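Residue numbers (the working numbering): 106 to 319.
Backbone N, C-alpha and C fix where the C-beta goes; we use that ideal spot for every residue, glycine too.
Here the structure is a predicted model, which means the values were calculated and not measured.
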Amino acid sequence: MFELPPLPYAYDALEPYIDAKTMEIHYTKHHAGYVAKLNDALAGFPALAQASAGKPELQSLANLLKNLNGVPESIRTAVRNNGGGHFNHSLFWELMKPKGGGKPAEELSSAITATFGSFEKFQEEFSKAAAGVFGSGWAWLGMSNSEGLKIIQTSNQENPISNGFKPVLCLDVWEHAHYLKYQNRRPDYITAWWNVVNWEQANANFIGDELVKA
Ligand code: MN
């Protein structure tokens, strides 16, 4: 059974950019809800759970999301939505930290500059993509061997891993991620979010291959 991972900081640790109440509800209600519903969906399918036995949680989840066509049709939508929700939020919490922000370093910095021209240009394009997600969804920086680094929008809890991209950076733009503090001002939330990005984690995602080779 999948489990809610510990939040790597206190609810108020990302203030003033992300408020404590939003963090608490987002983690204890939304993320926890995805985990519970994923487990409910998988409860009648021990073979699916068994296939991932012994693997770290995120690898098991990545395997499910990469092979959604192999998931029985009766639970495919539930796994896409709730497995995606669990996976996406698990990545998202780790990609933020108090006193984050600034610019990426090391491998990711070079790759971003080579792909987008400059960090500022990347930031502008990512922000635009995040602001432009219609309805609920996410903005991503993904990486694939054939297409390199790419900014991607997904709907609901879909994840670029289902389309062959390794997630490097992600931003939740569902209203539940910002409405208490920013109401309808999603662009203000995006601007604030850059101050809490954990670039060390993004770089680790970029150079790591656990999620793609799983
Ligand atoms: Mn969310």
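Reference residue i, options the options, closest by Cα
i, options, result
"V302", "I257, K204 and T182", "K204"
"T182", "P265, N310, L276 and N261", "N261"
"K126", "R291, Y287 and D314", "Y287"
"Q258", "E252, N250, L246 and S251", "L246"
"L143", "W299, S165, E129 and I123", "S165"
"A210", "A307, T220, F107 and A236", "A307"
"I312", "N187, A167 and G253", "G253"
"K171", "V278, S267 and G242", "S267"
"D124", "D293, H283 and A146", "H283"
"N264", "N187, A309, A297 and A154", "N187"
"Y122", "A146, K233 and G206", "G206"
"A244", "S251, W299 and N250", "W299"
"E47", "H136, K208 and E212", "With the chain covering 106 to 319 only, the question about residue 47 has no answer from this structure."
"G134", "S232, H194 and G240", "The residue asked about is misnamed: residue 134 is Lys in this sequence, not Gly. Of S232, H194 and G240, the residue nearest in Cα terms is H194."
"I256", "S232, H136 and L196", "S232"
Backbone secondary structure at residue i - three-state DSSP
i, result
"P272", "strand"
"S249", "strand"
"W243", "strand"
"D117", "coil"
"L153", "helix"
"M201", "strand"
"Q258", "strand"
"V184", "helix"
"V302", "strand"
"D293", "helix"
"D124", "coil"
"D145", "helix"
C-alpha distance - residue i paired with residue j, whole-angstrom precision
i, j, result
"I217", "G269", "19 Å"
"H281", "H131", "7 Å"
"E229", "P151", "45 Å"
"E178", "R185", "11 Å"
"I295", "E129", "19 Å"
"P110", "I180", "23 Å"
"G237", "C275", "14 Å"
"A297", "D277", "13 Å"
"G190", "Y139", "6 Å"
"N310", "A115", "23 Å"
"A141", "L112", "17 Å"
"G242", "W279", "6 Å"
"L147", "A167", "15 Å"
"A118", "A154", "34 Å"
"L273", "P161", "Checking the sequence, you will find Val at residue 273 rather than Leu. Those two C-alpha atoms are separated by around 18 Å."
"S215", "G222", "10 Å"
"L285", "D293", "13 Å"
"S249", "K271", "6 Å"
"F107", "L169", "12 Å"
"A234", "L196", "19 Å"
"A319", "R291", "Residue confidence for A319 is low, a pLDDT of 47 falling below 50, so the modelled location carries little weight and cannot support an answer."
Does the segment 291-309 come into contact with the segment 187-202, if we say contact requires no fewer than three beta-carbon pairs (one atom in each stretch) closer than 8 Å?
Touching, yes, given that three or more Cβ pairs across the two stretches are closer than 8 Å.
Taking 6 Å as the limit, name every residue whose beta carbon sits nearer than that to some heavy atom of ligand 1, in sequence order.
Sorted by position in the chain, H131, H135, H194, D277, W279, H281 and A282 make up the residues whose C-beta lies under 6 Å from a heavy atom of ligand 1.
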